[in-house]
Amino acid sequence: MGGRINMKDLRYQKTKTAILRAIEKLLQNKDFEKISIKDICEEAQVSRSAFYLHYTDKYDLAKQCQLELIETANMLIKERVIVKRKDLMLTMLNLLLGKERVMALLISSHGSSEIQENIRQVMRENMRKNILPLTDLKFEGPTEERYFLSFFSNALFGIIQEWINSGQKESPEEIVALVDKNFLFEFK
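Just so we're aligned, residue 0 is where the sequence shown starts under numbering that gives the first Met the number 0, counting upward by one.
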């Protein structure tokens with residue numbers, strides 16, 4: 000009985016991996032808005048019903064990729080694996096180069112502006128909850144904090160997007176060094 004469950008889990012995981020590889024490949028040449036479920040299924044060589052076992056639609060697929068990236072970053076912050084601002088940025092860039100490649104492509108010029116705005120909002124909220132408490136920054140009120148978070152999250156998003164759109168020619172370490180020269184705070 001245990002073997003069947005494992006086989007089922009393995010099939011489920013293989014299907015999910017095939018879907019992620021398919022969307023990754025499609026996003027390299029096609030805008031997210033122009034990619035259909037049919038395109039994804041054909042590229043992944045899976046049925047539509049198999050796709051819908053994993054995701055409600057392509058936006059759900061994008062959201063799940065986003066949540067995985069944020070959860071990984073949050074875990075590393077909470078476990079204090081990330082103890083400096085540089086570590087956070089380096090970790091995010093390496094994740095986008097590696098297992099979070101679909102997320103990188105969604106951030107690129109082939110991504111959806113709706114998804115990109117959602118990512119910016121999640122970044123702002125994540126910074127407010129998980130990053131600001133690790134800094135010595137003090138704000139005179141919620142308005143000042145809101146504008147700081149907007150500035151910082153949009154700046155980081157813009158840097159990441161530019162890096163992805165320009166073909167990731169620089170190493171994550173080079174990008175982090177460039178950003179590090181220009182930001183005004185450090186973690187406690």
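Just so you know, even glycine gets a beta-carbon here, dropped at the ideal spot from N, CA and C.
- As computed with DSSP, THR55 is found in no beta bridge at all.
- The C-beta of LEU19 has 16 or more other C-beta atoms within 10 Å across all chains shown, which makes the residue buried.
- Taking 4 residues as the shortest admissible run, the segment 5-65 contains the following complete alpha helix (DSSP H) segments, listed from N- to C-terminal end: 36-43, 47-53.
- Contact fails between the segment 132-141 and the segment 48-67, because fewer than three Cβ pairs, one in each stretch, are under 8 angstroms apart.
- In this structure, the beta-carbon distance from CYS64 to PHE50 does not fall below 8 angstroms.
- When VAL101, ILE36, LEU148, ARG145 are compared, the shortest CA-CA separation from LYS24 is found for VAL101.
- Beyond the five residues adjoining it in sequence on each side, PHE147 comes within less than 7 angstroms, by CB distance, of PHE138 in the same chain, given in chain order.
- Within the same chain, LEU95, ALA103, LEU104, ILE106, SER107 come within 8 angstroms of ILE163 by CB-CB distance, once the 5 residues on both sides are set aside.
- With a 10 Å radius around the Cβ and a threshold of 16 neighbouring Cβ atoms, PHE150 comes out exposed.
- When only Cα atoms are considered, ILE158 and ASP8 end up about 38 angstroms apart.
- For SER108, no alpha helix (DSSP H) run applies, since DSSP gives it neither H nor E.
- Under the 10 Å beta carbon count, LEU68 is surrounded by 16 or more other beta carbons and is classified as buried.
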